[in-house]
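To convert, take the position in the sequence shown, counting from 1, and add 103; that gives my numbering.
We put the CB at the ideal spot given by N, CA and C, even for glycine.
Heads up: the structure comes next, in structure tokens.
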Amino acid sequence: MELYGYWRSTAAWRVRIALALKGLTARHLPVHLVRHGGEQHSPDYRTHNPLALVPTLVVDGRALTQSLAIVEWLDEQYPTPALLPGDPWARAQAREIALLIACDIHP
104 MELYGYWRST
114 AAWRVRIALA
124 LKGLTARHLP
134 VHLVRHGGEQ
144 HSPDYRTHNP
154 LALVPTLVVD
164 GRALTQSLAI
174 VEWLDEQYPT
184 PALLPGDPWA
194 RAQAREIALL
204 IACDIHP
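Right, here's the structure in full:
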């Protein structure tokens, strides 16, 4: 697994936290969002993420973008320990909080 991200990106932090909670390791590849006009705009990086955003998780040559999609994929591929509660109502509330952070207060 390779995780492209920026150290200040809260979205990339979400993925790093999920990886740590799961006990998984990924090769961290920095994408500086300011240097050289933003390394996320480089043709090389855009082959992984055409939207030029971070984070991007690459597994077996396939790329996933958007932190919450990555976190849910990790939870489905590596179910133990579970990141979401088993109860459907509690799971929906956990997603509600995650979406509030990711969409409504994300800088």
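Residue burial classification, Pro191 (beta-carbon count within 10 angstroms, cutoff 16): Taking the first residue of the sequence shown as position 1, residue 191 is located at position 88. The C-beta of Pro191 has fewer than 16 other C-beta atoms within 10 Å across all chains shown, which makes the residue exposed.
Report yes if the CB atom of Leu106 is closer than 8 Å to the CB atom of Leu132, and no otherwise. Your numbering for residue 106 matches position 3 in the sequence shown. Your numbering for residue 132 matches position 29 in the sequence shown. Judged by beta-carbon spacing, Leu132 lies within the 8 Å limit of Leu106, meaning their Cβ atoms are closer than that value.
So within the stretch 162 to 196, which uninterrupted alpha helix (DSSP H) runs reach at least 4 residues, ignoring any that extend past its ends? With a minimum length of 4 residues, the unbroken runs of alpha helix (DSSP H) contained wholly in the stretch 162 to 196 fall at 170 to 180.
Measure the C-alpha to C-alpha separation of Leu136 and Ala185 and round it to an integer number of angstroms. Residue mapping note: residue 136 aligns to position 33 of the sequence shown, counting from 1. Residue mapping note: residue 185 aligns to position 82 of the sequence shown, counting from 1. Cα to Cα, Leu136 sits roughly 32 Å from Ala185.
Proximity of Val157 and Ala115 at Cβ, strictly below 8 Å: Taking the first residue of the sequence shown as 1, we reach residue 157 at position 54. Taking the first residue of the sequence shown as 1, we reach residue 115 at position 12. The Cβ atoms of Val157 and Ala115 lie closer than 8 Å to each other.
Can you give me the C-alpha to C-alpha distance between Asp147 and Arg117, rounded to a whole angstrom? On the sequence shown, position 44 is the one that residue 147 refers to. On the sequence shown, position 14 is the one that residue 117 refers to. Their Cα atoms are separated by approximately 24 Å.
Limits of the alpha helix (DSSP H) - the one that Pro133 falls within: Taking the sequence shown and counting its residues from 1, the one referred to as residue 133 is at position 30. Annotation: Pro133 is outside any alpha helix (DSSP H); the continuous beta strand (DSSP E) that includes it extends over Arg130 to Pro133.
What residues are listed by DSSP as bridge partners for Tyr71? Residue 71 is absent from the structure shown; the chain starts at 104 and stops at 210.
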